[in-house]
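Below is one structure, written out as structure tokens; comments come after it.
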Amino acid sequence: MPFVPHTQDDIAAMLAAIGAPSIDALFDEIPEALRIGELDAIPAGMSEMDVTRLMHKRANTDGQPLCFIGAGAYDHHVPAAVWQIATRGEFYSAYTPYQAEASQGTLQLLYEFQSMMTALTGLDASNASLYDGASALAEAILMAVRANRKVKSTKVLLPRTLHPAYRRAVRSIVEPQGIELIEAPFDPETGQTHPAQLEAAAGNAELAAVVINQPNFFGVLEDVDALTDWAHARNALALAVVNPVALALLSPPGEWGDTGADIACGEAQPLGMPLSSGGPYAGFLCCKMALVRQLPGRIAGRTVDLDGKPGFTLTLQAREQHIRRGKATSNICTNQGLLVTAATIHMALLGAAGLERVAAACHNNTRALSEMLCAIPGVEPLFSSPIFHEQALRLPTPAANLLGALAAENLLGGFDLAADYPELGSAILVCATEMRTEEEMQGYRDKLARIVATVDRAA
Amino acid sequence: MPFVPHTQDDIAAMLAAIGAPSIDALFDEIPEALRIGELDAIPAGMSEMDVTRLMHKRANTDGQPLCFIGAGAYDHHVPAAVWQIATRGEFYSAYTPYQAEASQGTLQLLYEFQSMMTALTGLDASNASLYDGASALAEAILMAVRANRKVKSTKVLLPRTLHPAYRRAVRSIVEPQGIELIEAPFDPETGQTHPAQLEAAAGNAELAAVVINQPNFFGVLEDVDALTDWAHARNALALAVVNPVALALLSPPGEWGDTGADIACGEAQPLGMPLSSGGPYAGFLCCKMALVRQLPGRIAGRTVDLDGKPGFTLTLQAREQHIRRGKATSNICTNQGLLVTAATIHMALLGAAGLERVAAACHNNTRALSEMLCAIPGVEPLFSSPIFHEQALRLPTPAANLLGALAAENLLGGFDLAADYPELGSAILVCATEMRTEEEMQGYRDKLARIVATVDRAA
Amino acid sequence: MLIHDQSRTGRRATAQAPLSSPEVNDIPEALRRRTAPALPEVSEMQAVRHYTRLSQKNFSIDTHFYPLGSCTMKYNPRACNSLAMLPGFLARHPMAPETHSQGLMACLFDLQEILKQVTGMHAVSLAPSAGAQGEFAGVAMIRAYHQARGDQARTEILVPDAAHGTNPASAVMCGFKAREIPTGPDGDVDIQALQAAVGPQTAGIMLTNPSTVGVFDRNIQAIARSVHDAGGLLYYDGANLNAILGKVRPGDMGFDVIHMNLHKTFSTPHGGGGPGAGPVGVSKRLEPYLPVPLVARDGDDYHWLTESERPETIGRLTAFGGNMGILLRAYIYARMLGREGMGRVSEFATLNANYLMARLREAGFEAAYPERRASHEFIITLKREARELGVNAMDFAKRLLDHGYHAPTTYFPLLVPECLLIEPTESETKEDLDGFVEAMIAIRREAKEDPEKVKSAPHTMPVRRLDDVRAARHLDLAWRPAANEGPHG
Amino acid sequence: MLIHDQSRTGRRATAQAPLSSPEVNDIPEALRRRTAPALPEVSEMQAVRHYTRLSQKNFSIDTHFYPLGSCTMKYNPRACNSLAMLPGFLARHPMAPETHSQGLMACLFDLQEILKQVTGMHAVSLAPSAGAQGEFAGVAMIRAYHQARGDQARTEILVPDAAHGTNPASAVMCGFKAREIPTGPDGDVDIQALQAAVGPQTAGIMLTNPSTVGVFDRNIQAIARSVHDAGGLLYYDGANLNAILGKVRPGDMGFDVIHMNLHKTFSTPHGGGGPGAGPVGVSKRLEPYLPVPLVARDGDDYHWLTESERPETIGRLTAFGGNMGILLRAYIYARMLGREGMGRVSEFATLNANYLMARLREAGFEAAYPERRASHEFIITLKREARELGVNAMDFAKRLLDHGYHAPTTYFPLLVPECLLIEPTESETKEDLDGFVEAMIAIRREAKEDPEKVKSAPHTMPVRRLDDVRAARHLDLAWRPAANEGPHG
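Heads up: the protein sequence lines correspond to chains A, B, C and D, in order. Heads up: the first sequence is residues 1 to 459, going by my numbering. Heads up: the second sequence is residues 460 to 918, going by my numbering. Heads up: the third sequence is residues 919 to 1407, going by my numbering. Heads up: the fourth sequence is residues 1408 to 1896, going by my numbering.
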């Protein structure tokens, strides 16, 4: 009986104490008709040794292709210490710190995470994480609609340069509450979203919030100051979507425009989380202090104990579903505690200087890769603007074919933009983090050059 | 400065407190002529990311061949919990428990290890480990020579069926102290060492100890009762070399013969240690209570604290080098604490029943493999005796060629006996632990059959 | 001490960043950061030591009995962790093509099938990241179903008063009104009240069964009939699935949609508050609305079903499709349990709960529903102790920490006064349950002899009882470099 | 509570063994075990919880400042652990052929080269499993050298009185007599005494430099000359190599043979007492005697040198050639340090030691060698405190635990009364050193105001001071199923 410690003697003694003739009798309140027999279609149990063999086989099925995809998930170095500590039983197998006195480890760590995220974003308050970047944005939008006192509107403007998967997830989550999402187009030359385009998209509509992402999905840097000021001029809240590693180099949302963005959110994956096939990651959500009571999710606060000694506790719980039920700021219950643990240790190990080096190395690698690839006939940058750590490229033949040919050589050459932005023609998004070597980038160039040449000859 | 936390401010303040003008000045008592410059031949420092890439490359250099070698190191399943707990910082980065009150974790664990090893061997006392099985045997021999009160002899009889590497290591370690090792031959039919052969090898010499291994290097089971009684009849101590997993099935040294072996030692690797290219492993050494003051190495004992509460401490330290210096039982200082941690957790997880299943599965796998291989023309068992979990086979053509051909197909087919036992002709030792599947064993058979057939055709 | 308090300007964990500091010269100055963020500057050892020591301040399953009701704090097998973190899974980019994802997708497909089997549902999506997101997805599917039928009048979701707070909150997030149904004195839903509440405005009902009061609702078939007859759908909150795993299936009870908390029933780590995973299962009529992505099998090949294959889907809930690492852990656990192990989970969870309830009652504690079988959890009400000794459920909870036991869930469900919701789980030993009973008896004795000791507990934790009111009034949510004037300064 | 106390007959961690119980029917009954060994029978969670909780009872580098003199308790980088445990290294069988061992052997070869460089020796063998085994190997090589020359008269090894106990013990294990040389009042070896002791009977001398009294012997060149002139060889005990790494090399000082404690200078884990690794380096004349195996490079191929290639070797010290996993960790650490990092190790270890000595002296504590520079460690003698306050070095040591610091090494070296040998290492911060000074001052204050508090310390550990005499007199070395009549029973 894996994971069940009972001996036959235990079972007998326990049933006697209960006064039940059998374990089965303990289920006697369940209508007989509902009881099931064997779950034949489920395979028989395996020993740890056997399941280890199975999982190694599965994990090795697909090789480990060399990855030049970014597109919202980044292959950064994760210090060995991060997960060795995060998976310590005391972090790994603890729950939400309902009993603060027996959970000071988790609570202080959450407070430190919040401190780090507010430092990165330049805002006042942070929650203790949400599911991922996309769901964090959805919660940020709901929060903005609730919080905007100047404008009673359920309309939110968001740029078409926002990650397509984010736009989809946000739509799934906020539309049931009647939020109307308006998409603003981008400048096909620069890849940027200018105030004029926001203006055109929004018309005269009152807006609860304007979403501004930096860098945008194309890696292109936006004029965030102008966009923030435009939003504020319309009495809309400015809602930033940012990459936390980029923030080591880029102006923080709290300093955008004249008064700063009001809310910032994003994906914490670049802070110590492996690519992990897409999850678990962690969304972060920060805001100005004035909005804190609309912030969803767990929040840790520093207070004192009976002796006046500092300690940490979950606070502002009156916002939450387990107290407010139907009137809560969100239905959210868990956060991504384990990932927050990793992110906090990661940030402590990197520090501002380390994160800046990582950001710079990723950026320069991507620039270098882009230049190498653009030496191939027919490959060229899609947009003219400055970028950060992600580059959109135009390709001479359909991207799917080229990426497929590269994948066959165990190299993931980038994200195909065709499905989400058909107007851009054959185009991909490439990214080379600090993990990619010069040699690997040259290998990519050589492979692509060969494949392009082969296609040319074939044509 | 990796792993150095000093800021420039720190350095200045610290030098000021010392009253030294520079760090270099702190070395001013070292004769100038001895000071060196740059260590140019050492490569420049690497980041963790870079060294990670290097080590992954190195680790992947040799593939992971399918392994049918035993010969003293066994590929058993190690529960995932074992090393996740053993590498917790509190175990991993603690030292020898000199301050018992701040080391109760390590000390209690050592006591539990000792308890488990005495349970397995059927003896009274255990130390807290030695370097490996071979060095444990060397220490056991030195101990036996010191401890034998009935016979003043430095002669020790050890069987030629003992692991060749053990015989070599023992020789290196004990001969400088004037110990004379006499090798006893084995019966070429059965692969066993009988009392008659001991008799013949020893002649009339007085013996301090007789080494008895079960199973022996060939996997062959010895008549340990007869051998033990023979040793005792000669007033020699009976010194057992045993596999701890085998002890789940086999009679424990403490019960051998009329009065039991006096000392038992061996390699603890099968108890939760990966093959690890040969180390670190851990040797164990157990003895009857009468001999405990001659036992080398750390020993943990249970005692009480000032309040009468039970606690654990290193004991019998008067035996050790840090107290007795030149008169110590051994020069040994460290034990293999981290491996003992793993072994203890491993034994707790397996229990007697689990170890017995592992032993039985290994044994049956090896038997099954042996039968499959012996269906190939020219392959046959080398000895007629019962075995445990290791089988010596005769091959139709030189073993080195066959093993080389298998290795080229990424399969390690066994241990070649030629170098150590030239008298046996072309022979190997094979082992299939519980980790090997039916399919893998069939794969071995098919490959070997094909290779043998090819050689036949070529001949 | 905060990690920030250990920071010194210029200190570095040097090995962790690229060794050289590359120049970036193509980002416009106006977009660049002017001052570095105030992250801590510490050495690698400082960080390791700090977080290692912090971890030791936690209670956890790996260190303590943790009978937190409704949270299923059972053993998280260590193999699930190491195998889910194999490089082949960890290094896979979420946008990797299907050709390079077959190993992962095989696991996900198998897990979908296993979850279908144990729940009796027609189809499963693994997309939701947690129970609450599963609830959202479930209610959104109910909404989509009624909308697709043009049935716009259904604006209400019925929710028993004992439900988790997430239930009404999820209903509201999907644009519904949550209408509360009382629990009867025997712990079952008040069936009369329910029948009075259902009608053409009823979109559905959200039920936990066994409910959060720790009993299996014996009228479940009647409830199902009643809601279905009114045109509503039934939502099963899978928080308590551990109680019935392999014994009864929500699909067989008549539920149309269910979420499962894999971090409960399938033993994935709670991680100090997450991540969870909240797959949803549905009956045939709701299948088109399942959140994407899903994994389908075609011969030996696995492929994703996304928006294009599933045009009626309620959509995507996260950017990349879910908490894959958690799903893998659940899969590994499920494979180790196997078909025989599933039923044992509920059997021994139920045995432990009933035994603990029996022992506590025998010791004089009052069960909230003494006439009922406990499911995998049960409620003790300390209202008599509060009245007679002036020591309430929170005091017992805090004092239990001193005795080496994590407290049960307190003051939930709200309908039972001075309530402790106790869920021992199947992985605890009889000895530990006995120890917990002894502790409860000892605390009651202390409450008689030295009530202050209990009321001011805990005494042996890193901090004493914390001032929650101050925490909420004088918000200190983040360390600030300049104005670190908090109590810690 | 022992794991054995949690055992119940028939309990299992079921997932950890093969699920079926195979019959073994071909082993003669007489050779089979009659009763199962009394190993604990516990569930997987019980084992995990027990050993997790046990671990928390330890002080360690990862949790505490641990200034244990002569042990170099510095930070063990976590990457060294994870990278040395990559499956490619862990799953390799020790008997795997060279064709399948090139990755490992490349690392070992590189490490040999790095160690040659930093020690200035001609050749290195990685075979010894620990410092003491390295000492044995070193002295055995000295023995082999003299024997090969037919120089049988050399029966003595000189050992300073400040030496580690392993030195004389190793000499004796190689059949030598250990002759003690006194230390002069300034901490250097008494050179007159040395010169008087050397002669045709001198096989060699074993020296630690800097010595265990924490100073660099300024007469090292004279000592070398003196021993060499007499026909003896010089053995360098590398226990304190951390103090001079990248600054001075034993080979340049004239040593013929050296062992290195990789678990000190190269930061491999101490693991609660091991494993260590004690590679030996030698001058050209001792090379033939190096213990096997060694790794040689031939173009891009690596191969083993064993007994057949090295007929004069002192032989093999373990069955499989050494603590490979530890050697890998040391190699990874060395590569992260690189050539620049080596010197920094000794610089900051020395800075920390001298700073801590200066601060303690300033606070009124007495250094044993106040006129000398500290190396990476130094000695404080508490003889005045013992005399005036009745509180000795052991009391200070125990009370330090209550203050959150592991104690320094106590009562070693033996020649300094009431001695604390303090080695802070380069990885500790100035703040932690300052905290240690504050603790020492606080304890002295306590010793004046409340001496009992110090003499009965520790007060905050899992146990109070333990009865070592009872432990040695009433031996309780193993739990027994029947007669578990120990204090614990």
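For every residue, glycine included, the Cβ atom is placed at its ideal position computed from N, Cα and C. Only a predicted model underlies this, so the values are computations on that prediction, with no experimental measurement involved.
For the set D:Phe1673, D:Pro1865, D:Ser1674 and D:Glu1719, the Cα lying nearest the Cα of Glu1694 (chain D) is the one of D:Glu1719. For Ala802 (chain B), there are no neighbours in chain C by C-beta distance under 7 Å, as the nearest C-beta there is about 17 Å away. Under the three-state reduction of DSSP output, Ala261 (chain A) falls in the coil class, being neither helix nor strand. For Glu868 (chain B), there is no enclosing beta strand (DSSP E), as DSSP gives it neither H nor E. Contacts between Met1408 (chain D) and chain C, judged by CB atoms closer than 9 Å, are missing: the closest CB pair is about 10 Å apart.
Contact between Leu275 (chain A) and Arg1253 (chain C) does not hold, since their C-beta atoms are separated by about 24 Å, which reaches or exceeds 8 Å. In the DSSP assignment, Gln1524 (chain D) is bridged to no other residue.
When only Cα atoms are considered, Leu513 (chain B) and Gly70 (chain A) end up about 24 Å apart. Looking from the CA of Leu1112 (chain C), the closest CA among C:Gly1150, C:Asp1174, C:Ala1048 and C:Ala956 belongs to C:Gly1150. With a beta-carbon spacing of about 5 Å, Thr1084 (chain C) and Cys333 (chain A) fall inside the 8 Å limit used to define contacts. At least one CB of chain D lies nearer than 8 Å to the CB of Asn790 (chain B).
Taking 8 Å as the upper bound for CB-CB distance, Leu417 (chain A) and Leu424 (chain A) are in contact here, some 5 Å apart. Nearest in C-alpha terms to Ala699 (chain B), of all of B:Val669, B:Trp689, B:Ala727 and B:Asp688, is B:Val669.
Contact annotation, Gly796 (chain B) with Gly1680 (chain D): C-beta distance approximately 3 Å; criterion of less than 8 Å satisfied.
Scanning A:Ala399, A:Leu120, A:Arg234 and A:Leu107 for the CA closest to the CA of Ile428 (chain A) turns up A:Ala399.
Residue pairing by DSSP puts Asn213 (chain A) in a beta bridge opposite A:Val241.
Considering only beta carbons, the part of the region 1249-1267 of chain C lying closer than 7 Å to chain A consists of Ile1250, Arg1253, Met1254, Leu1255, Gly1256, Arg1257, Glu1258, Gly1259, Met1260, Arg1262, Glu1265 and Phe1266, in chain order. The Cβ neighbour count for Val1387 (chain C), taken over all protein chains shown within 10 Å, is under 16; the residue is labelled exposed. By the Cβ test, the region 1064-1072 of chain C is not in contact with the region 1262-1277 of chain C, since fewer than three Cβ pairs between them sit closer than 8 Å. Collapsing the DSSP output to three states places Phe771 (chain B) in a strand. Looking at the DSSP output, Cys890 (chain B) shares a beta bridge with no other residue. Proximity of chain D to Val966 (chain C) at the Cβ level (cut-off 8 Å) is accounted for by Asp1469, Tyr1482 and Arg1485, in chain order. Taking 8 Å as the threshold, the shortest C-beta distance from Phe676 (chain B) to chain D does not fall below it. Taking 8 Å as the cut-off, the beta carbon of Leu403 (chain A) is found no closer than this to the beta carbon of Ala392 (chain A). The beta carbon of Gly1006 (chain C) is closer than 7 Å to those of Gly1021 in its chain, skipping five residues each way along the sequence. By the neighbour-count definition (other C-beta atoms within 10 Å, threshold 16), Gln108 (chain A) is a buried residue.
Chain order gives the chain C residues near Ser103 (chain A) as Asn976 and Phe977, where near means a beta carbon separation below 7 Å. Per DSSP, reduced to three states, the secondary structure at Ser1414 (chain D) is coil, with no helix or strand assignment. Nearest to Glu1295 (chain C) by C-alpha distance, out of A:Gly133, A:Leu26 and A:Gln8, is A:Leu26. Pro1484 (chain D) sits buried, since 16 or more C-beta atoms from the chains shown fall within 10 Å of its C-beta. With fewer than 16 other Cβ atoms inside 10 Å of its own Cβ, Lys516 (chain B) counts as exposed. If only uninterrupted alpha helix (DSSP H) runs of at least 4 residues are considered, those enclosed by the region 374-427 of chain A are 399-408.
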